[in-house]
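One structure is given below, encoded as structure tokens.
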Amino acid sequence: MHDFIIVGAGTAGCVLAERLTASGMHRVLLIEAGAKPDSLFVRIPLGMGKLFKTNLDWNFESEPHLALGGRRVFIPRGKMLGGSSNMNAQVHQWCHPADFDGWATSGAPGWAWNDVAAVFRRMESWVGDTGDDSLRGRNGPMVISPLRVPNPLSVAFVRAAHAMGLDGESDYNGRPYAGAWLSQVAQQNGRRFSTYDAYLKPAMTRANLEVRTAAHALRVLFENGRAIGVTVQRGGHEETLLAARGVILAAGAYGTPQLLQLSGIGPAEHLLQHGIPVLHDVPAIGSNLQEHPLLPVKFGARRPITLKRAESPLHLLAWQLFRRGMLASNLAEAMVFTSTKGDTAPDLELCFTPVEWRGQGLEPPQMHAFGCGVVLLTPRSRGTVRLRSGDPLAAPVIDLALLSDPDGADADVLAHGLELFRRIVATEPLASESSGEIAPGSGVHGRDAVVAYCGEALQTIYHPAGTCRMGTDNVAPVTPELRLRTCDNLWVADASVMPTVPRGHPNAVVAMIAHRAAEFIAA
Ligand SMILES: Cc1cc2nc3c(=O)[nH]c(=O)nc-3n(C[C@H](O)[C@H](O)[C@H](O)COP(=O)(O)OP(=O)(O)OC[C@H]3O[C@@H](n4cnc5c(N)ncnc54)[C@H](O)[C@@H]3O)c2cc1C
18 MHDFIIVGAG TAGCVLAERL TASGMHRVLL IEAGAKPDSL FVRIPLGMGK
68 LFKTNLDWNF ESEPHLALGG RRVFIPRGKM LGGSSNMNAQ VHQWCHPADF
118 DGWATSGAPG WAWNDVAAVF RRMESWVGDT GDDSLRGRNG PMVISPLRVP
168 NPLSVAFVRA AHAMGLDGES DYNGRPYAGA WLSQVAQQNG RRFSTYDAYL
218 KPAMTRANLE VRTAAHALRV LFENGRAIGV TVQRGGHEET LLAARGVILA
268 AGAYGTPQLL QLSGIGPAEH LLQHGIPVLH DVPAIGSNLQ EHPLLPVKFG
318 ARRPITLKRA ESPLHLLAWQ LFRRGMLASN LAEAMVFTST KGDTAPDLEL
368 CFTPVEWRGQ GLEPPQMHAF GCGVVLLTPR SRGTVRLRSG DPLAAPVIDL
418 ALLSDPDGAD ADVLAHGLEL FRRIVATEPL ASESSGEIAP GSGVHGRDAV
468 VAYCGEALQT IYHPAGTCRM GTDNVAPVTP ELRLRTCDNL WVADASVMPT
518 VPRGHPNAVV AMIAHRAAEF IAA
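Heads up, the sequence shown stops at 540 in this note's numbering, and the numbers go up one at a time, no gaps.
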């Protein structure tokens, strides 16, 4: 029998599997509903959109959205070894000290910046320059690189932002940040380097680690209030898998609360509605869903230098021979972080893409254009993840509840961001690259007009978090040591434990959480 079963081999699951097997003292079984990441589109940095709606994607959809005139939002999630780290845009970001200090002061002691910064440093091998080498890691498993061939438009965006007074002198990792930068990416020599590459792949040769793919966890099994294993469906059959020391859920911010509810842990009334016997009435499981809303903005490009040409034979050859050319782009090549309220920590990101982004990346670009996602980093709106039925294979009901905060503060930040991006585009050297605004269109100004545009265009940046939040209060389902409060031998270690979604791109934060979880669990 194994000591531990880890459910989900995504960003967190890959780190957990490697960390828990490193000492040789524990036998670990890692189960993953998806397959091995054998697609070329996983390795090609710009291939991410080609993975959407394939068998490597859970291909979720939100519930029809009130603020978006009843529209549903497409929600891609990686379904493979590596999970969403094998499908994401590779931006590597520790996120802001204020995020972690906020977690600690709001009831998650032990998660302040001073507790976590050293873990981020240990995890990474940053191969770029830093002003202050003591802040960045050089020997960790996650290889982090500067962009190999940044698009000239991305460089112009950063320079224009600097010209407007948005800083960028210092590194955006390892310290507080506000300003404009080119992205640092999870790539090695022009190829995606996910947590699968960094952690799981090297650990798969260990005798004390077993990895099973195409194994969909249906529910957690309990005996006398302790988790003792999981039931999985594999090859059309149900199997019972037992663990001597416990189960660790790392199925992501949608998968983990779904699995807990299927196992009888969640809001009692909701579980009974779907015929699930209630083990523990925990209303907070599946609530507190937080996402970063993203408003797409588009300008025409004067020169034909955008990533529209990325799929040409020339660029395919350049990538295959030299791991260079447009296919080495991570799409989200540059970023501005700023505060709309004059605070030191940002609440707004402008995520720059040197290409026309159409239909959430499901449609190819039709014209040479560039743009940005205006991203709200500190949403007040809260959504839910609930069961569609008692069928464990049915997709969960995801209510993103974007822009549902009662005072409308979330929409205000988006309206502010749109105007800021327009000012950057009007500044040299980006101004001479632009042939004019395409979307939302120069007539759209002010909060009400922006909210109306959200109806047709708002999406998210795919950063769900918070659905099994950690905390010391009685309502928080998970303790700061990442144990489920109501059961023994059951831990949660993925994006769902975050009390609030951090002010940036969260993949490295999830990996950091998994690192610490492995330490808590092994102890
Ligand atoms: C398109 C996209 C772009 C993104 N871009 C960035 C970016 O540039 N930078 C950044 O920092 N972050 C980015 N993110 C977010 C980041 O990738 C996620 O925050 C992170 O991967 C979440 O890690 P996780 O371990 O919580 O979940 P995941 O990585 O999603 O892992 C969950 C795993 O559990 C498996 N699973 C789920 N349910 C079950 C079940 N019942 N049985 C068995 N297995 C199951 C899934 O198949 C998956 O492998 C992006 C995400 C997406 C989707």
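Note that the Cβ used here is the ideal one computed from N, Cα and C, for glycine as well.
TODO: Using the Cα positions of GLY99 and GLY283, report the straight-line distance between them to the nearest angstrom.
DONE: 27 Å
Open item on the list: Nearer than 7 Å: is that true of the beta carbon of LYS70 relative to any heavy atom of ligand 1?
Closed with: no
- [ ] Classify THR558 as helix, strand or coil using the three-state DSSP reduction.
- [x] With the chain covering only 18 through 540, there is no way to say anything about residue 558.
Task: C-beta contact flag for SER346 and LEU63 at 8 Å - done: With respect to the 8 Å criterion, SER346 and LEU63 are classified as neighbours on the basis of their beta carbons.
Open item on the list: If distances are taken between C-alpha atoms only, which option among SER421, GLY376, PRO363 comes closest to THR395?
Closed with: PRO363
Open item on the list: To the nearest angstrom, how far is the alpha carbon of SER56 from that of GLY425?
Closed with: 42 Å
Task: Assumed close pair PRO274, SER513 - CB separation to whole angstroms, cut-off 8 Å - done: 6 Å
TODO: May I ask whether a heavy atom of ligand 1 can be found less than 7 Å away from the beta carbon of LYS96?
DONE: yes
- [ ] Helix, strand or coil for MET529, going by three-state DSSP, please let me know.
- [x] helix
Open item on the list: Within 10 Å of its beta-carbon, does GLN278 have 16 or more other beta-carbons around it, so buried, or fewer, so exposed?
Closed with: buried
Open item on the list: For the beta strand (DSSP E) containing CYS368, name the first residue and the last one.
Closed with: 365-370
Open item on the list: Please tell me whether GLU373 and VAL392 are closer than 8 Å, where the distance is taken between their beta carbons.
Closed with: No, Cβ-Cβ distance for GLU373 and VAL392 is not below 8 Å.
Task: Paired residues, beta bridge with LEU276 - DSSP - done: LEU276 is not bridged to any residue.
Open item on the list: What I want to know is whether the C-beta of ASN105 ends up closer than 7 Å to one or more non-hydrogen atoms of ligand 1.
Closed with: yes
Open item on the list: Just to check my reading of the structure: VAL314 and THR503 have Cβ atoms closer than 8 Å, yes? What is that Cβ distance to the nearest angstrom?
Closed with: 45 Å between Cβ atoms; not a contact.
Open item on the list: For VAL160, list the residues DSSP reports as bridge partners.
Closed with: In the DSSP output, where bridge partners are listed per residue, VAL160 has SER142.
Task: LEU250 - containing beta strand (DSSP E), residue span - done: Leu is not the amino acid found at residue 250; the sequence shown has Gln there. Residues 243-251.
Open item on the list: Assess contact between the region 111-119 and the region 85-95, defined as three or more Cβ pairs (one per stretch) separated by less than 8 Å. Is contact present?
Closed with: no
- [ ] Please determine if the region 245-259 and the region 454-463 are in contact, where contact requires at least 3 C-beta pairs separated by less than 8 Å.
- [x] no
Open item on the list: Let me confirm a value: HIS433 is counted as buried when at least 16 other C-beta atoms fall within 10 Å, else exposed. Which label applies?
Closed with: buried
Task: Through-space distance from ARG208 to ASP8, alpha-carbon basis - done: Shown here, the chain extends from 18 to 540; a query on residue 8 therefore has no answer.
Task: ARG326 versus PRO382 - alpha carbon distance - done: 9 Å
Open item on the list: Can you find the residues in the same chain that come closer than 8 Å, C-beta to C-beta, to HIS233, ignoring five residues on each side of it along the sequence?
Closed with: ALA50, VAL249, GLN250, ARG251, PRO409, LEU410
TODO: Would you mind sorting ASP505 into buried or exposed? The rule is 16 or more other CB atoms within 10 Å of its CB.
DONE: exposed
TODO: Would you be able to state if there are at least three C-beta pairs under 8 Å between the region 162-172 and the region 469-488?
DONE: no
Open item on the list: In the DSSP output, which residue or residues are listed as bridge partners for PRO310?
Closed with: THR477
Task: Three-state secondary structure (DSSP) of ILE538 - done: helix
Open item on the list: Considering only their Cβ atoms, is the gap separating ASN206 from ARG44 smaller than 8 Å?
Closed with: no
Task: Residue span of the beta strand (DSSP E) that contains TRP198, given as start and end - done: 196-199
TODO: Taking all protein chains shown into account, decide if HIS309 is buried (16 or more other Cβ within 10 angstroms of its Cβ) or exposed.
DONE: buried
Open item on the list: Once DSSP output is grouped into helix, strand and coil, what is the label at LEU73?
Closed with: coil
TODO: Determine, using beta-carbon pairs with one atom in the region 262-276 and one in the region 428-444, whether at least three such pairs fall under 8 Å.
DONE: no
Open item on the list: Are there any heavy atoms of ligand 1 lying less than 7 Å away from the beta-carbon of MET65, as far as the coordinates show?
Closed with: Yes, the beta carbon of MET65 sits closer than 7 Å to at least one heavy atom of ligand 1.
- [ ] Could you pull the start and end residues of the alpha helix (DSSP H) that PHE339 belongs to?
- [x] 330-339 is the extent of the alpha helix (DSSP H) around PHE339.
Task: Residues of its chain near HIS179, where Cβ-Cβ distance is below 8 Å and the 5 sequence neighbours each way are ignored - done: GLY185, GLY196, ALA197
- [ ] Could you tell me the distance, in whole angstroms, from the CA atom of GLU436 to the CA atom of LEU199?
- [x] A direct Cα-Cα distance of roughly 21 Å separates GLU436 from LEU199.
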